[in-house]
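Student: Numbering of the sequence shown is given in the numbering used here, commencing with residue 1336 and proceeding in unit increments.
Okay, handing you the structure first.
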Amino acid sequence: MKTVFEPFRIKTVEPIRLTTAAQRRKLIQEAGFNPFRLRAENVQIDLLTDSGTGAMSTEQWAGIMRGDESYAGARSFFRFEEAVKHIFGHQHVIPTHQGRAAEKLLCQTCLKTDSVIPGNTHFDTTRANIEFTGALALDLPIPEARQVANEHPFKGNIDLVRLEDAIQKYGKERIPFVLLTVTNNSGGGQPVSMANVRGVRELCQRHDIPLLLDAARFAENCWFVREREQGYAGKSPEEIAQELFSYSDGAMMSMKKDAFGNMGGVLTLNDDELARQVRNLLILTEGFPTYGGLSGRDLDALAIGLREILDPDYLNYRIRSTAYVGWHLDQAGVPVFKPFGGHAIYLDGRAFCDHLPNEQYPAWSLSAALYVHVGVRACEIGNLMFGHPNAEQEEQRWPVMDLVRLAIPRRVYTQSHMDYVIEGITELYQKRHEIKGLKVVERPEVLPHFTASFAEV
Ligand SMILES: Cc1ncc(COP(=O)(O)O)c(C=O)c1O
């Protein structure tokens, strides 16, 4: 059978409120043309993010009831610790309320103003947390990563030559760790190959620099390794994940993605002294080390989610159903980033809105138009998120790619929801030259996309 169906049944439903294009036009105007500022009830299909938006399973809900809310040493923590250690294998398991809390704890503990953190492509909150300490966040993706149509199977890879050069240039004393993001969210949801991870490991070992993973979507990365990398077809996702983590000295994870959590994160480390310092800061800002800002019930749900995410039938469905959206859009001639990502399909904003200059934010304008046209909410990853419009040099003003991310929540939407999205985008593409450009009215300094506002040009 060619059809891959959703490997779950629906037990609880959440009605979707339908709106008209005229209503949505008014609503997006009131929201300053920023989809983040819309009320969720006014969105028909919400592809803003796959973070914390997944549906929990019956087992996870059962785990919620088992949650132990003891302040210290709760049973829930030990179940969580065991589930994390089984896959990650690191000595210290430190729960946090979400991924960026793990980033903050690590960055505040071990970065100095002259530190440099090389990575494949840092996610926006990671970059912000690194830069907040005064340190430099250095993106070193392979050149193929920034070519929209290039079908390289592992566009998430770091460029090992540039990494070696960076280590020579800055010196290992200034590099507290190298960070690999699996899969690479800001780079199109693209996987990192195991060979690349081994290469980074070898390089880091030679220079005595720890290697850390940003493991928000580790399971999706492992499925791509199984499908695309020689020698992994017969291995289980769990075995692949264990091998992946075995090359690292620690990891940060937003558990709102590949742990099926609505909230949660974790920081794992092998270094005893670093873990001690992190826990001290954790107590100050997040909570006691056995709950780290989470309820006992959250810890139980996450422990179960970590096991469920590695189910091969789920991962096969997940990657195939995301590709389904990409494939149909591609067939309709819509410019999409290739190969298709694990958690999202990315539209090429500049090619879609080729009548709009960078100053009119093509991808952002497309995301606003998409909402008005069919009530689908998506997120720009491009000119606003990474641009420096006042920079002197043109190449610093605008990022290499200006994308719209259609992030697909886990176990939430069915194929007919996706058919609606495909039809809506295809229709919009046919009349793309009617999409109006936007100008910035307000742009905050840090993480501008969350709260910026726009007006029509
Ligand atoms: C790769 C990556 N790292 C870190 C984060 C931050 O996690 P959180 O939103 O849980 O703070 C995200 C969130 O989207 C992410 O995609």
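Where is the CB? At the ideal position from N, CA and C, for every residue including glycine.
In whole angstroms, what is the alpha-carbon distance linking Asn1725 and Arg1732?
Tutor: Taking the first residue of the sequence shown as 1, we reach residue 1725 at position 390. Taking the first residue of the sequence shown as 1, we reach residue 1732 at position 397. Approximately 7 angstroms between the Cα atoms of the pair.
Student: Quick one: using the 10 Å Cβ neighbour count with 16 as the cut-off for buried, is Val1527 buried or exposed?
Tutor: Within the sequence shown, numbered from 1, the residue matching residue 1527 stands at position 192. Buried is the call here.
Student: On the DSSP bridge list, what partners appear for Leu1705?
Tutor: If you number the sequence shown from 1, residue 1705 lands on position 370. Answer is none; Leu1705 lacks a bridge partner.
Student: Please determine, among Ala1366, Phe1789, Tyr1755 and Asp1635, the residue with the shortest C-alpha to C-alpha distance to Pro1697.
Tutor: Here residue 1697 corresponds to residue number 362 of the sequence shown, with the count starting at 1. Among Ala1366, Phe1789, Tyr1755 and Asp1635, the Cα nearest to that of Pro1697 is on Phe1789.
Student: For Gly1454, list the residues DSSP reports as bridge partners.
Tutor: Taking the first residue of the sequence shown as position 1, residue 1454 is located at position 119. Gly1454 pairs with Asp1474 and Leu1514.
Student: Measuring only from the beta carbon, is Lys1592 closer than 8 angstroms to any heavy atom that is part of ligand 1?
Tutor: Mapped onto the sequence shown, residue 1592 falls at position 257. Result yes, Cβ under 8 angstroms from ligand 1.
Student: Using three-state DSSP, classify Cys1688 as helix, strand or coil.
Tutor: Walking along the sequence shown from the start, residue 1688 turns up at place 353. Reduced to three states, the DSSP call for Cys1688 is coil.
Student: Heavy atom of ligand 1 less than 8 angstroms from the Cβ of Ser1751, yes or no?
Tutor: Within the sequence shown, numbered from 1, the residue matching residue 1751 stands at position 416. No.
Student: Throw me the rounded Cβ distance for the Gln1426 and Asn1605 pair, which I believe falls under 8 angstroms.
Tutor: By 1-based counting over the sequence shown, the position of residue 1426 is 91. By 1-based counting over the sequence shown, the position of residue 1605 is 270. About 5 angstroms separates the two Cβ atoms, so the contact holds.
Student: At 4 residues or longer, and completely inside the region 1547–1614: list those alpha helix (DSSP H) runs for me, N to C.
Tutor: Within the region 1547–1614, the complete alpha helix (DSSP H) runs of at least 4 residues are 1553–1563 and 1572–1581.
Student: Quick check on Ile1680 - is its C-beta less than 9 angstroms from some C-beta in chain C?
Tutor: Judged by its chain identifiers, the structure shown contains no chain C, having just a single protein chain.
Student: Is there at least one non-hydrogen atom of ligand 1 closer than 8 angstroms to the beta-carbon of Phe1458?
Tutor: Position 123 of the sequence shown, counting from 1, holds the residue named residue 1458. Yes, since a heavy atom of ligand 1 falls inside the 8 angstroms radius drawn around the Cβ of Phe1458.
Student: Write down every uninterrupted run of the beta strand (DSSP E) in the region 1708–1765 whose length is 3 residues or greater and which is fully enclosed by it, in chain order.
Tutor: With a minimum length of 3 residues, the continuous beta strand (DSSP E) runs that stay inside the region 1708–1765 are 1714–1716 and 1738–1742.
Student: Can you list, in chain order, the stretches of the beta strand (DSSP E) that have 3 or more residues and sit fully within the region 1637–1683?
Tutor: Taking only runs of at least 3 residues, the beta strand (DSSP E) segments lying wholly in the region 1637–1683 are 1679–1683.
Student: Relative to ligand 1, is the shortest distance from any of its heavy atoms to the C-beta of Asp1633 smaller than 8 angstroms?
Tutor: Along the sequence shown, read from residue 1 onward, the residue named residue 1633 stands at position 298. False, no ligand heavy atom lies under 8 angstroms from that Cβ.
Student: Is Phe1413 helix, strand or coil by DSSP?
Tutor: Looking up residue 1413 in the sequence shown gives position 78. If DSSP states are grouped into helix, strand and coil, Phe1413 belongs with the helices.
Student: Just grab the DSSP bridge partners of Asp1381 for me.
Tutor: For the purposes of this step, residue 1381 is taken as the residue at position 46 of the sequence shown. Paired residues: Arg1712.
Student: I'd like to know whether the C-beta atoms of Gly1627 and Pro1430 end up nearer to each other than 9 angstroms.
Tutor: Mapped onto the sequence shown, residue 1627 falls at position 292. Mapped onto the sequence shown, residue 1430 falls at position 95. Yes; because the gap between Cβ atoms is below 9 angstroms, this pair is in contact.
Student: Using CA coordinates, which residue listed in Val1707, Glu1715, Pro1350 and Pro1734 is at the minimum distance from Arg1740?
Tutor: Position 405 of the sequence shown, counted from the start, is the residue given in the question as residue 1740. Comparing Cα positions, the closest option is Glu1715.
Student: Kindly indicate the opening and closing residues of the alpha helix (DSSP H) around Trp1438.
Tutor: Counting from one through the sequence shown, the residue named residue 1438 turns up at place 103. According to the sequence shown, residue 1438 is Glu rather than Trp. Gly1434 to Cys1445 is the extent of the alpha helix (DSSP H) around Glu1438.
Student: With respect to the beta strand (DSSP E) encompassing Ile1429, which residues constitute its N-terminal and C-terminal limits?
Tutor: On the sequence shown, residue 1429 is found 94 positions in, with the first residue counted as 1. Unbroken beta strand (DSSP E) run through Ile1429: His1427 to Thr1431.
Student: By the three-class DSSP mapping on this structure, what secondary structure does Ser1788 have?
Tutor: Here residue 1788 refers to the residue found at position 453 when the sequence shown is read from its first residue. Note: Ser1788 maps to strand in three-state DSSP.
Student: Work out the CA separation of Ala1610 and Cys1688 for me, nearest whole Å.
Tutor: Sequence index remark: in the sequence shown, residue 1688 carries index 353 (1-based). Sequence index remark: in the sequence shown, residue 1610 carries index 275 (1-based). Approximately 48 angstroms, taken between the alpha carbons.
Student: Output needed for Ala1407: all residues of its chain with C-beta closer than 7 angstroms, excluding positions within five of it in sequence on either side, in chain order.
Tutor: The sequence position of residue 1407 within the sequence shown is 72, counting from 1. Only Phe1623 and Thr1625 meet the Cβ criterion.
Student: DSSP three-state label for Gln1482, please.
Tutor: The residue labelled residue 1482 in the question sits at position 147 within the sequence shown. Correct three-state label for Gln1482: coil.
Student: Taking a contact to mean a Cβ-Cβ separation below 9 angstroms, would you say Leu1719 touches His1784 in this structure?
Tutor: Residue 1719 sits at position 384 when you count from the first residue of the sequence shown. Residue 1784 sits at position 449 when you count from the first residue of the sequence shown. Yes, Cβ-Cβ distance for Leu1719 and His1784 is below 9 angstroms.
Student: Looking at Thr1384 and ligand 1, is the gap between the Cβ and the nearest heavy atom below 8 angstroms?
Tutor: Start at 1 with the first residue of the sequence shown, and residue 1384 comes out as number 49. Correct: Thr1384 has its Cβ closer than 8 angstroms to ligand 1.
Student: Going along the chain, which residues of its own chain have a beta-carbon closer than 7 angstroms to the beta-carbon of Ser1583, five neighbours each way excluded?
Tutor: Your numbering for residue 1583 matches position 248 in the sequence shown. Leu1546, Leu1547 and Leu1548, listed in sequence order.
Student: Do the region 1556–1574 and the region 1353–1372 make contact, defined as three or more Cβ pairs closer than 8 angstroms?
Tutor: They do not touch, by the three-pair rule.
Student: Helix, strand or coil: which one does DSSP assign to Glu1777?
Tutor: Reading the sequence shown from its first residue, position 442 is the one you call residue 1777. If DSSP states are grouped into helix, strand and coil, Glu1777 belongs with the strands.
Student: Going straight from the alpha carbon of Met1571 to that of Lys1771, what length do you get?
Tutor: Counted from its first residue, the sequence shown places residue 1571 at position 236. Counted from its first residue, the sequence shown places residue 1771 at position 436. The sequence shown places Ser at residue 1571, not Met. Cα-Cα distance, rounded: 48 angstroms.
Student: In angstroms with no decimal places, state the Cα-to-Cα distance between Val1671 and Asp1737.
Tutor: Stepping through the sequence shown from its first residue, residue 1671 is reached at position 336. Stepping through the sequence shown from its first residue, residue 1737 is reached at position 402. Each residue's alpha carbon lies about 11 angstroms from the other.
Student: Given Glu1404, which residues of its chain have a CB within under 7 angstroms of its CB, disregarding the five upstream and five downstream residues?
Tutor: As a first step, residue 1404 is located in the sequence shown; it is residue number 69 there, counting from the start. Around Glu1404: Ser1630 and Gly1631.
Student: Can you tell which of Gly1596, Arg1767 and Gly1677 has its C-alpha closest to the C-alpha of Gly1491?
Tutor: Here residue 1491 corresponds to residue number 156 of the sequence shown, with the count starting at 1. Per the Cα distances, Gly1677.
Student: Going by alpha carbons, who is nearest to Val1756 out of Gly1367, Leu1383, Val1735 and Phe1340?
Tutor: Against the sequence shown, residue 1756 aligns to sequence position 421. Out of Gly1367, Leu1383, Val1735 and Phe1340, Leu1383 has the C-alpha closest to the C-alpha of Val1756.
Student: Could you tell me whether the region 1483–1503 touches the region 1574–1590, where touching means 3 or more Cβ pairs closer than 8 angstroms?
Tutor: Taking 8 angstroms as the limit for Cβ pairs, the verdict is that the region 1574–1590 does not touch the region 1483–1503.
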